[in-house]
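One structure below.
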Amino acid sequence: MLYSVRMRAAQGGAHEAGGKHISGAERLVSPELLTSTAAAMLRRALSHSRGTADFINFTVETVADADVQEADCLSITSVQVPSVAAGRAAAVTALVQAGIKPAAAAAGLERLAGLTGSLRGAMLVDAQTGARLADRSDRGVRVSRMDIADEQRYLHWLQRQGYNSIHIREAVVLASKVMSAPGVLAELCWSDDPEYTAGYVAAAGTYTRFTQLKPYGSSIGGRIFFIRENTDLQQLIKYLECQPVLIRVPAEEAGDIAISE
Ligand code: WAQ
Ligand code: MG
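Quick note on numbering that gives the first Met the number 0: the sequence shown kicks off at 0 and runs consecutively.
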């Protein structure tokens, strides 16, 4: 049995009462890690660069082992870009390579860049037309009930590639679940943390980081999932929100670690 632990924190009241989203986190942990996981989330919500939360919601639920699916971890590539404009142009190119129509890729980027506040979840966007799908206005679709299968191996794997930030650690797990969903072609994301300018495009097994997708100091970030035509949106949203998924570190890397230890 595992526990799904979810936290969302806001300032100025609950999200549903118009509060500003401060922080959120999703984990899927064994019973012995439940208390420490929840305590770490609480600490995070209370000291966040986006501001101090005055509303914090926790949800803890058991998940039966038989209900858990597995999915492969994306591989990570980093692209240094000289400016936000260059990063955004490179991100659009990566989306087009992933099969998103150029106009839809550009429209998706404009949707993120044009937000006036951060949503709690992701926008779904048609990969052909750039139209927003299943619009839930400022709520979006919150991906939940996912974690890494073997955390120590994952941290080791990340560290060997020079990645230590918690932003990357969490985003790769989220993007790996999203890319395992039926109908998702690609994801575009940048952080809502004002000091964090990097973002990524996930597509076709790869998580491509761009060092600058957002100006320093901006606290508006977000996520867009580009959806293939004829996708059953109800089924997709159910998978993203509810299906428990554990992410496996790539097999050959795991083999390397086993040999070197
Ligand atoms: N499901 C859907 N959307 C989410 C979720 C979720 N579980 N969590 C966050 N979002 C949306 C929400 O609109 C946030 O405002 C936005 O994404 C950004 O969330 O160096 O830190 O947690 O490799 O601020 C990218 C890492 C970090 C780039 C992304 O996102 C790198 C990050 P944040
Ligand atoms: Mg954030």
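For glycine and all other residues, C-beta sits at the position ideal for the given N, C-alpha and C. Just so we're clear, the structure is a prediction, and the values are computed from it rather than from any experiment.
C-beta contact flag for residue i and residue j at 8 Å
{"i": "V206", "j": "S74", "result": "Residue identity check: residue 206 is Tyr in the sequence provided, not Val. Closer than 8 Å, so yes."}
{"i": "Q242", "j": "R144", "result": "yes"}
{"i": "V83", "j": "S3", "result": "no"}
{"i": "L239", "j": "A180", "result": "yes"}
{"i": "T90", "j": "V200", "result": "The displayed chain sequence assigns Ala, not Thr, to residue 90. Contact: yes."}
{"i": "L41", "j": "L1", "result": "no"}
{"i": "R87", "j": "L108", "result": "yes"}
Inter-residue spacing [alpha-carbon to alpha-carbon] between residue i and residue j
{"i": "E150", "j": "V67", "result": "16 Å"}
{"i": "G18", "j": "V142", "result": "20 Å"}
{"i": "A102", "j": "T128", "result": "7 Å"}
{"i": "A8", "j": "I165", "result": "18 Å"}
{"i": "A121", "j": "R159", "result": "30 Å"}
{"i": "T115", "j": "I219", "result": "7 Å"}
{"i": "R49", "j": "R152", "result": "31 Å"}
{"i": "G139", "j": "A203", "result": "23 Å"}
{"i": "A130", "j": "V124", "result": "6 Å"}
{"i": "L187", "j": "A97", "result": "11 Å"}
{"i": "I55", "j": "A44", "result": "7 Å"}
{"i": "Y215", "j": "R227", "result": "33 Å"}
{"i": "V244", "j": "E25", "result": "11 Å"}
{"i": "A39", "j": "C72", "result": "24 Å"}
{"i": "E260", "j": "L154", "result": "Note that E260 scores a pLDDT of 39, beneath 50, so its modelled location is shaky and nothing firm can be said."}
Near the ligand GDP: residue i beta-carbon under 7 Å from a heavy atom
{"i": "G221", "result": "Looking at this structure, you won't find the ligand GDP anywhere; what it does contain is the ligand WAQ and the ligand MG."}
Assumed close pair residue i, residue j - CB separation to whole angstroms, cut-off 8 Å
{"i": "I99", "j": "L184", "result": "6 Å"}
{"i": "A170", "j": "I246", "result": "Wrong, their Cβ atoms sit about 12 Å apart, outside the cutoff."}
task = Check whether the stretch 206-219 touches the stretch 31-42, counting contact only when three or more Cβ pairs, one atom from each stretch, lie closer than 8 Å.
result = The stretch 206-219 vs the stretch 31-42: no contact.
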